[in-house]
Amino acid sequence: MNGDLTPAPFPEANVVLKAPPGMDDCGDLHVFRDGTTCTSAWTAPLRTRLAFLIGGRLWLHVWSGATQPPVALTVSRRGPFEVGEVGEP
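In short: position in the sequence shown from 1, add 5, done, that's our numbering.
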């Protein structure tokens, strides 16, 4: 991966997931976990955001084996924690 997207801490995070053994290029991931979902926040530099806006694609990579677990990608300033946002816990 090119590393343009970076995990970002956020106030509602209640768990920090650590890298699996042997994944040296994997950092900590701050998540909000409620027993049903794990929500994380990501940031990107301006050049990456512009590339996406001008026809780029956002790719999701999931290290889970042979199947794809349910996932979702959204874009908003505060995520599901802002009143009225879709997916509000």
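Just so you know, even glycine gets a beta-carbon here, dropped at the ideal spot from N, CA and C.
Note that the structure is a prediction, hence the values are computed from the model and not measured.
Residue-chain proximity (residue i, chain B), Cβ-Cβ < 8 angstroms
| i | result |
| --- | --- |
| Pro12 | The question asks about chain B, but that chain is absent: this structure has only one protein chain. |
Secondary structure of residue i, DSSP reduced to three states
| i | result |
| --- | --- |
| Arg82 | coil |
| Phe57 | helix |
| Arg62 | coil |
| Leu22 | strand |
| Leu51 | helix |
| Val36 | strand |
| Pro16 | coil |
| Ser45 | strand |
| Thr11 | strand |
Distance, residue j Cα to residue i Cα
| i | j | result |
| --- | --- | --- |
| Ala18 | Glu87 | 14 angstroms |
| Arg52 | Asp29 | 26 angstroms |
| Phe15 | Ala71 | 31 angstroms |
| Gln73 | Leu65 | 10 angstroms |
Pair within 8 angstroms by beta-carbon distance, residue i and residue j
| i | j | result |
| --- | --- | --- |
| Leu63 | Leu78 | yes |
| Asp9 | Pro75 | no |
| Ala46 | Ala24 | no |
| Val36 | Thr44 | yes |
Proximal residues to residue i (C-beta, below 8 angstroms), its chain only, five neighbours per side dropped
| i | result |
| --- | --- |
| Asp33 | Pro12, Val21, Leu22, Lys23 and Ala24 |
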